[in-house]
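Here the sequence shown is numbered in UniProt numbering, starting from 1 and rising by one per residue. Here a beta-carbon is modelled for each residue, glycine too, at the ideal position from N, C-alpha and C. The structure displayed is predicted, hence computed values, not measured ones. Each remark here refers to the structure printed beneath this line.
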Amino acid sequence: MKEIIIATKNKGKAKEFIDFFLEYDIKALSLLDLPGNIPDVEETGTTFEENATLKAEQISELLQVPVLSDDSGLEIDALNGEPGVYSARYAGEEKNDQANVAKALNNLEDVPMEKRTARFVCVLAVAAPGEKTTLHRGTCEGTIATKPRGNNGFGYDPIFIPQQSTKTMAELLPQEKSDISHRANAIMQLDEWIKTL
């Protein structure tokens, strides 16, 4: 079975990639699956594209293998695109999903439902030693609920209602989520690259 390294230490994200690549008969390994302690890559970029590229290129350089990295987050229109690239650390340096969700809801307190439009964004960067890094962007449009609902998923899933749905991402079954998610939309663009693996 072919293998691919996913440059993440986020268990929820890693699971989505592992499940996806299994369909292609490819074993995806996250940084948590590798021996030794691989240092975190400083995300100094101001866009999802810059951060995804930084992670993929640095880990690929370090391991000398092809690496897929993702930078993703939530953009809320009424908050001028916040939390954006700061989605994981919106409520502080300690990554805390509940605190991030609470801050987003607090900032949207007086915003009516029709103005609570938002999207999940995922940018995938594919880096390989000696090759040009490629970028693939996927989005999932929706609105922000007034309170968290559901126990599936992670991050902002409990407050994000995708278009054409009345359920939050956290109320959807994993397969329903993966059919419409920003990550799935970005991964679908990898078809051609996957064939070259």
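- For a cut-off of 8 Å, the C-beta gap from Glu141 to Gln175 is around 20 Å, too long to register as a contact.
- A direct Cα-to-Cα measurement between Ser178 and Ile159 gives close to 17 Å.
- With a cut-off of 8 Å on Cβ pairs, the stretch 60 to 71 is in contact with the stretch 114 to 124, counting three or more such pairs.
- Under DSSP, the beta-bridge partners assigned to His136 are Leu124.
- Counted as a single uninterrupted DSSP element, the alpha helix (DSSP H) harbouring Gly12 occupies residues Lys11 to Leu22.
- Taking 7 Å as the cut-off, the Cβ atoms of Ala88 and Val111 do not count as close.
- CA-CA distance, Asn107 to Phe21, rounds to 37 Å.
- Under DSSP, Asp70 forms a beta bridge with Leu124.
- Distance from the CA atom of Ser165 to the CA atom of Lys132, rounded to whole angstroms, is 38 Å.
- Sixteen is the threshold: since fewer than 16 other Cβ atoms of the shown chains lie within 10 Å of the Cβ of Val65, the residue is exposed.
- For the 7 Å CB-CB criterion, Ala170 and Gly153 form a contact.
- In the DSSP annotation of this structure, the continuous segment of the beta strand (DSSP E) that includes Glu3 starts and ends at Lys2 to Ile6.
- Per the C-alpha coordinates, the member of Phe48, Glu49 and Leu54 positioned closest to Glu42 is Leu54.
- A distance of 7 Å or more separates the beta carbons of Ala145 and Ser60.
- In this model, Ile194 and Glu109 are separated by some 43 Å (Cα to Cα).
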